[in-house]
């Protein structure tokens with residue numbers, strides 16, 4: 191039996207075995223009264239629906255959601271989407287399965303760039319900060335949260351919702367934001383601070399251990415904008431001599447980064463830097479969704495099928 | 191020359207002298223090229239427009255905005271509103287003018303109830319808290335901010351925009367909120383915490399020294415919801431053993447008290463208590479505006495004139 | 191065979207027999223071409239989906255929607271919701287089944303409080319009215335509609351959508367509304383009139399005979415706000431000497447109780463009493479939805495799953 | 191001294207005397223401290239601002255708002271609008287001034303068509319009704335309200351806000367509505383009923399005695415849609431054998447004629463006839479505003495100046 | 191075996207054979223792992239869902255979407271909608287099947303009126319145009335696009351989404367629009383030009399060959415309003431001496447016909463004619479949806495089931 | 191008499207003479223019945239209100255709106271804004287006044303950068319285009335419209351509303367857009383095409399001769415988005431072999447550049463390039479408004495006064 195291809199390349203004609211993260215598991219009762227398993231499996235490239243229709247009674251106890259699994263199955267089409275129909279599934283036995291090539295990082299939906307590259311790029315941005323207060327603040331907050339910053343997704347499901355998505359989001363925003371700051375004579379250090387810290391509250395808003403992110407208690411009750419403001423406040427207050435005006439401006443960048451109140455910002459941009467940060471955040475999130483919708487569209491048409499979240503079809507170009 | 195009546199009772203037929211706070215002062219150039227003074231005067235009952243049309247060159251240096259003044263003048267009608275046309279104005283000389291009856295608290299727009307009464311009522315509410323953590327938190331935050339809490343307005347201009355307005359707002363909300371908490375089996379202590387703390391960030395959002403409130407730097411850049419969350423976070427963290435779940439719930443009450451994101455809440459109510467706090471806040475603010483619009487309407491009609499902020503006329507009842 | 195538990199306590203591990211109202215019945219064709227029955231069953235505590243997958247041809251004629259039924263079956267999980275899979279079903283034979291404990295009021299989704307208690311409480315509120323005109327009006331309209339007022343739901347599906355829901359809604363609103371009227375110096379009698387009459391048009395808007403309410407012709411074409419205004423107008427005109435100003439104010443309370451035109455009120459609140467009635471109506475309806483969402487959520491998590499109508503998850507508290 | 195031209199033809203170069211209705215009168219205090227009179231005068235063709243700057247003390251008691259007046263004055267330009275500056279003004283002495291040509295109907299802002307013509311046209315429409323119930327209903331309601339229907343404006347200020355405007359609005363709508371009913375195979379009688387009755391509540395919503403309409407108590411508190419429904423309900427109930435389904439449909443036409451809830455309709459159109467009535471009401475009101483904006487625009491440009499209510503400029507055509 | 195009835199009259203009790211257009215075809219995998227075919231079939235009167243559950247492997251290659259087919263099957267109910275369950279299906283063999291009565295125009299969802307009648311009516315409208323420039327323009331654009339204008343639908347799915355729908359839409363609008371133009375003293379020729387040309391861009395926006403319309407590249411990227419403006423511009427420029435003011439006015443009618451920017455019009459109506467065209471377009475599209483919802487509702491109730499697009503139920507009248 | 195400073199530096203203490211463009215002129219009647227002139231004067235740095243209160247009868251014929259004028263006068267404060275009160279004014283006599291330093295370009299509100307510099311930068315961008323079709327298209331359209339492109343404002347009043355504003359807007363957008371295109375792997379040539387052409391229709395939408403722009407007939411009736419699409423269509427069609435797919439994409443960039451339909455785009459972005467163009471257009475326009483509001487704010491406060499169009503105050507930084 192051959193190995194299944196990367197999930198992003200899976201077709202309904204493939205069959206074989208593979209290692210994946212089981213990101214979701216539900217036992218459903220079919221119409222005939224029998225049970226089947228409805229699953230969501232991911233590797234670093236994509237996430238697909240999988241089903242276990244046979245031998246359910248035995249297989250349903252062989253693994254849980256959140257675990258890595260080894261499966262055997264074949265592709266299938268359902269409403270135009272490729273799914274996996276599994277003949278067997280079990281949780282990974284790390285010691286044994288590593289011999290067969292299992293690696294955790296290959297089995298979690300991930301950013302396309304290596305995390306070490308993105309982290310190095312972020313450090314490079316931080317080294318370029320001229321304002322001492324801002325550089326100390328950013329160094330401290332990124333160092334204190336390095337473990338999370340390296341792997342966190344940028345959102346639960348809308349954009350960059352995969353391992354390293356947070357880092358991918360802020361490094362790309364840093365590139366765009368610093369350029370725009372220079373182009374418009376804005377304070378480049380402040381823009382970088384806004385970029386790096388605007389979503390810092392997501393480290394407390396989301397719980398993430400490799401599968402889908404989920405909301406924490408504070409995530410639901412306080413929200414990442416409030417949490418981020420409090421993290422910045424605490425960090426600034428821990429730095430001797432941090433100017434009060436600067437603290438206000440950085441908290442403003444966090445508070446206003448959704449651009450308008452309807453999107454959850456309690457205050458709206460009132461500085462050139464805040465307009466820039468909100469603009470590059472919006473654009474980066476939108477383009478991530480556009481790229482994903484185009485990449486995942488299975489047809490040969492010039493346009494994708496209707497994308498509900500974006501409320502439109504997208505142009506893929508002449509085939 | 192007789193003393194002018196309370197400003198809330200002023201008619202275009204009155205004339206005389208009085209002590210007021212000059213809340214606003216602007217030198218304007220009239221069409222003929224000459225200057226006149228455009229002022230806003232207040233006593234504890236109301237605020238009215240006043241003008242100095244004669245002897246401007248001399249009088250304009252006799253006082254500044256933010257100072258108490260002694261004026262002489264007469265009522266006048268302009269677009270259906272009573273104004274004061276002044277023949278003379280000078281800053282108050284406290285030592286001398288106290289002999290003529292000048293008292294600061296009589297010359298600042300104020301809540302209708304005495305502040306000491308409202309403060310005592312708030313203390314009574316706090317004594318009723320059964321949850322030790324909440325009681326300690328509320329006692330600490332109210333004690334630490336007593337001076338401001340006693341005199342602050344609840345908003346810059348929309349509702350309760352006068353001395354003691356903040357205290358009036360939260361004591362009335364405490365009465366309503368606690369009743370609703372009992373009626374709906376909600377946590378009465380939590381509701382009271384939400385009532386007392388929901389606008390606590392306004393102590394940092396607004397600057398107030400007796401005239402009109404103005405926005406501080408943090409008020410404009412961070413906003414009272416963010417500031418309030420940070421004040422609560424800091425206070426909770428300063429209380430040994432304060433439960434983390436309780437802190438989340440109280441921060442949620444602050445964050446969600448505007449009810450919907452369009453009104454500036456970064457998160458929307460997710461607990462019974464949060465729905466109650468947002469409801470009584472909205473109702474108390476609206477009724478304060480309604481009462482004010484009815485009280486200030488100068489006509490004998492059954493309805494007020496059009497109220498722009500509320501977008502309607504209001505029923506005053508059969509004359 | 192044991193008796194099934196109350197539906198609000200049903201789990202996928204239960205099996206047995208029970209009496210229920212069949213609130214909905216549909217014959218569906220399955221994928222294999224065979225038919226199955228898709229039903230909605232209710233007792234006083236909850237409503238659940240039920241299915242008949244076997245022996246359909248015979249069972250489908252044994253009962254109709256709107257009838258009480260006796261069923262045998264077992265719990266089952268479908269998309270995380272508990273359902274009943276039935277092996278047999280027939281309409282109730284009242285004479286015989288009463289011996290086995292059948293009671294109509296146990297088999298209809300109902301308010302948690304006994305109707306007689308709520309009715310007595312309403313009468314108590316009415317006795318407290320000081321304005322003779324209002325008291326006569328309320329007594330007449332409640333007496334004339336007592337049969338319906340005792341059992342009607344407050345809405346077809348959004349809130350208080352069960353037997354006695356209307357009465358539960360207005361008695362709770364009366365408690366809250368009268369308190370707020372006193373707290374704000376509003377006319378307590380008028381607020382009570384608004385509370386009791388604001389939804390009176392629903393008695394003509396909805397048809398209800400114990401299952402789900404449905405819209406009447408006038409309900410769809412005229413709506414409960416218009417119907418309510420007409421009921422009030424007719425009743426006032428039937429009371430000699432009823433003051434015209436008072437009639438206008440009460441009709442205003444009915445017309446404006448949805449608070450804003452977007453929610454279907456042709457006029458918006460213009461009196462203190464109208465603001466109070468709209469506020470307690472909104473709060474009571476919202477809290478009923480919140481309580482229901484929390485009560486029905488099957489998981490052990492701190493938060494409910496996504497509630498589509500409220501557009502959020504809700505906090506259930508630490509497990 | 192010559193007679194002033196019709197106000198719709200007044201230019202800043204005209205001077206002379208005329209008879210007008212004084213629709214508004216206010217005593218204002220000028221900057222120099224002196225008083226002047228700010229008035230609004232109308233004849234059948236237009237309404238203009240007028241001012242009395244001299245001899246104010248004597249003239250201000252010579253007339254009141256709501257009275258017919260005889261004035262002498264000259265045209266003047268203010269912000270691009272023609273105004274009248276008056277040298278003298280007094281109330282009309284009917285006996286004497288009729289000799290000089292005074293006629294009340296010439297001095298009230300009026301629909302362009304003679305009222306008798308429009309009334310005859312309405313009667314013609316009513317004679318064409320085939321459904322006996324509808325014909326009786328319309329005859330009764332129009333006969334009972336003939337005096338008002340002949341002179342009422344269609345709105346206080348937005349569209350057809352002049353003597354006979356109501357009649358102009360419904361006769362034009364009848365012409366359009368009946369044609370569309372035939373074109374779309376709708377019930378022509380029902381559409382005519384909707385046209386004649388949709389705004390019937392305005393007879394109670396507005397008070398009108400020849401000048402500007404004003405809102406009544408019921409107009410403010412209940413609104414014309416609710417008032418209209420109640421008038422229709424009462425009239426239907428007074429006609430023996432009036433079918434209940436027909437009553438519901440006619441009330442629906444009144445209730446839904448604003449088309450959407452945001453515009454104040456408690457229910458939205460659910461019949462072909464209701465869609466037609468709402469459409470012709472909207473179009474007729476809009477076109478009346480458009481015509482008025484074009485007619486009153488003083489410039490020679492191809493486009494009018496910005497029309498605030500319509501939110502746009504309007505094309506007048508090549509000069 | 192009998193012939194199936196018209197699809198608009200199909201019930202779950204019918205069975206037999208028929209010719210249809212297969213407008214949609216999808217191979218789905220059922221829960222048991224087997225495939226079935228999900229189809230959409232249409233004749234001139236309606237479109238219904240059809241399924242092939244048996245003998246799938248063989249039948250799935252017997253036809254494609256977009257082809258005419260001959261089927262045998264029986265009616266079936268699914269969620270209250272009638273569907274067809276097919277026992278066999280194959281593509282039409284025109285030569286042979288014509289003998290059995292196959293005609294293409296009978297098997298495509300079509301406007302209720304014969305196309306030749308509607309086309310003759312359109313020509314009659316064009317002959318009535320008095321302005322030479324407009325008449326030449328309309329004649330040229332309709333002649334150049336006759337083949338498409340005769341068969342095009344008016345939209346992909348919302349209204350008049352069938353063969354001849356475009357022509358039905360503009361002939362009905364011409365009737366209504368010209369009447370309103372005369373009634374309001376508007377330019378009848380301009381209104382007709384707006385009616386005929388407002389959607390002309392749909393000939394390039396949609397691709398249509400008898401089944402469901404689909405969006406072209408330019409339809410998605412440019413949209414029919416932009417495409418229509420460009421078609422008008424090119425046509426006007428091709429007519430010697432076409433007045434520039436007239437071209438602007440006609441382009442305005444195309445650009446503004448959706449009435450408001452939220453609905454996709456880059457400019458809003460600024461002429462009487464533009465208000466009329468937008469009004470009749472809106473009304474005709476809405477009434478087509480209303481008629482369709484009423485016609486397709488399968489129940490015997492007085493009201494249709496909930497119509498999602500219109501956001502309401504519709505009144506069908508007493509059964 | 192000294193020369194007045196640049197208008198951006200004018201204070202109420204300045205007096206002297208200067209050359210300006212008279213952008214607006216209106217004869218107003220004052221309260222005393224006398225006339226005065228209300229003017230708007232501009233030089234390259236700012237625009238201010240000016241008034242002529244004396245010698246009006248003679249001076250009012252000495253110049254017209256749209257002409258360059260020589261004035262003498264002094265600064266004055268009105269509602270916190272600096273104005274000019276003129277003692278004399280006459281139209282410029284070019285031959286004579288050039289000796290005194292008059293230059294047209296100094297007397298028209300202008301972009302801060304020299305036009306030749308911006309034009310050279312635009313040419314540099316065009317030289318960098320790799321796609322031959324796009325380069326030819328952009329070269330042709332910019333060459334054909336060079337005269338206008340060099341001086342046009344980017345809007346009538348919202349942003350970049352001055353000489354050279356169009357060029358400033360697109361060169362800055364080109365810088366930002368090309369960088370983002372590279373950063374996101376988008377088609378840099380397409381983005382540049384979108385930047386250069388998105389507002390090209392404004393050359394026909396606005397009339398501009400050095401003062402304030404005004405809307406043309408086509409500007410009002412068709413709008414710059416429609417006009418721009420037509421200009422692009424015509425230009426593409428005039429280039430042999432221009433690929434049809436490319437034309438569609440470029441027209442899409444023009445059609446969608448306002449981002450959402452509410453802002454006037456008939457279609458919304460469906461390509462990565464369209465999202466980028468809409469984003470940089472929005473950001474550049476917003477930042478231009480922000481910079482202007484900060485630059486023109488006369489106070490020494492940390493924040494500007496309320497900016498009505500942006501709906502907020504703006505942070506100017508610590509004084």
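Chains as they are written, first to last, in this note's numbering: chain A, 191 to 509; chain B, 191 to 509; chain C, 191 to 509; chain D, 191 to 509; chain E, 191 to 509; chain F, 191 to 509. Where a beta carbon is used, it is the ideal one built from N, C-alpha and C, also for glycine. Note that the structure is predicted; figures quoted are calculated from it, not measured.
8 Å Cβ cutoff met for residue i and residue j
| i | j | result |
| --- | --- | --- |
| residue 247 of chain A | residue 279 of chain A | no |
| residue 207 of chain E | residue 262 of chain E | yes |
| residue 439 of chain B | residue 380 of chain B | yes |
| residue 413 of chain B | residue 454 of chain B | yes |
| residue 457 of chain B | residue 446 of chain B | yes |
| residue 178 of chain B | residue 395 of chain B | The first residue shown for chain B is 191 and the last is 509, placing residue 178 of chain B beyond what the model contains. |
Residue interval of the beta strand (DSSP E) (run including residue i)
| i | result |
| --- | --- |
| residue 279 of chain B | 271 to 281 |
| residue 346 of chain D | Taken as a continuous stretch (DSSP letters only), residue 346 of chain D belongs to no beta strand (DSSP E), as it is neither H nor E. |
| residue 226 of chain A | 225 to 232 |
| residue 193 of chain C | Taken as a continuous stretch (DSSP letters only), residue 193 of chain C belongs to no beta strand (DSSP E), as it is neither H nor E. |
Residues near residue i by beta carbon distance below 7 Å, same chain, minus five either side
| i | result |
| --- | --- |
| residue 486 of chain B | none |
| residue 201 of chain D | 265, 272 |
| residue 319 of chain B | 325, 328, 379, 382 |
Nonlocal neighbours in the same chain, by C-beta distance under 8 Å from residue i, ignoring five residues either side
| i | result |
| --- | --- |
| residue 444 of chain B | 384, 387, 388, 390, 391, 415, 418, 419, 422 |
Supposed contact pair residue j and residue i - C-beta distance, whole angstroms, cut 8 Å
| i | j | result |
| --- | --- | --- |
| residue 213 of chain F | residue 255 of chain F | 7 Å |
| residue 506 of chain E | residue 484 of chain E | 5 Å |
Under 8 Å, CB to CB, which of the residues in the region 349 to 379 of chain E have a partner in chain D? 362, 365, 366, 369, 370, 373, 374
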